[in-house]
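Residue 149 in the UniProt record's numbering sits at position 149 of the sequence shown, with consecutive numbering throughout. Below is one structure, written out as structure tokens; the observations come after it.
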Amino acid sequence: MFACNGILFNHESPRRGATFVTKKIVRAAVRIKKGLQKELLLGNVNALRDWGHAKDYVHGMWLMLQAEKPDDWVLATGEQHSVREFCNLTFRKLGYELEWSGSGVDEVAYDVADPKKVPLIRVDPRYFRPAGWKRCLATPARPRENSAGGPRTASGSWWMKWCSRRSAIRKPVRTHGDEADRMCPESCAWGGECA
């Protein structure tokens with residue numbers, strides 16, 4: 001039996017669940033820009049992650065199956081980015097330049113262009129992971145050794161494309177339950193997951 005073992009670090013895409021920090025940040029930033037939400041509450045903004053694009057990881061899985069013999073693989077970018085950095089890049093894509101003030105649970109971020117300094121992001125202790133990793137970094141093994149391996153999406157560019165898609169002009173639609181604020185494009189390219 002040809003069986004490979006893959007250890008995959010964080011791989012992101014627009015299909016990520018709404019409770020994952022990357023999706024939560026992008027969704028909240030777009031809602032704030034559209035006036036549908038006042039602020040984003042986050043846990044540890046200094047947490048570091050090795051984030052990559054899901055398409056690169058699927059390509060890596062395919063490469064694992066193309067090997068001459070089965071082996072163990074680590075699929076990762078080998079680069080770390082903080083939750084704070086992810087916030088800065090996401091909000092910048094939507095026209096905000098964040099400035100952070102305070103520290104720990106008193107930390108907030110606001111748009112430097114706002115004279116009132118209304119917080120757009122606030123650290124909330126409810127969102128700290130009790131045993132969460134503060135630092136997450138891998139050394140990718142195997143795929144880079146193959147000439148077709150390694151990330152094909154430049155670091156940072158995947159979430160810029162994601163933000164661009166999320167911030168596209170969308171019309172409000174009425175839905176059932178508590179989801180009355182959902183936004184949906186004329187033709188949803190997100191497979192129905194618009195909010």
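No residue lacks a Cβ here, since even glycine has one placed at the ideal position from N, Cα and C.
A residue is called buried once 16 or more other Cβ atoms fall within 10 Å of its Cβ, and N10 is buried on that count. Per DSSP, reduced to three states, the secondary structure at W62 is helical. CA-to-CA, the gap between R16 and R49 works out to about 16 Å. Distance from the CA of M1 to the CA of K69, rounded to the nearest whole angstrom, comes to 10 Å. For Y96, the secondary structure class from DSSP, reduced to helix, strand or coil, is coil. For R129, there is no enclosing alpha helix (DSSP H), as DSSP marks it with neither H nor E.
Remark: C-beta atoms of L8 and L75 approach each other more closely than 8 Å.
Beta-bridge analysis with DSSP links W73 to G6. With contacts defined as CB atoms closer than 8 Å, V123 and L42 qualify as a contacting pair. Apart from sequence neighbours up to five positions away, the residues of its chain that approach M61 with a beta-carbon distance below 7 Å are G6, ordered along the chain. With fewer than 16 other beta carbons inside 10 angstroms of its own, G104 counts as exposed.
Looking at the DSSP output, E12 bridges to H53. Here DSSP, grouped into helix, strand and coil, assigns D106 to helix. Contact check for E12 against H59 fails: the beta carbons are separated by 8 Å or more. For L89, the secondary structure class from DSSP, reduced to helix, strand or coil, is helix. Between the alpha carbons of A67 and Q37 lies a distance of about 48 Å. Counting other Cβ atoms within 10 Å of its Cβ, V83 reaches 16 or more and is therefore classed as buried. Where V21 is concerned, the enclosing alpha helix (DSSP H) starts and stops at V21 to K33.
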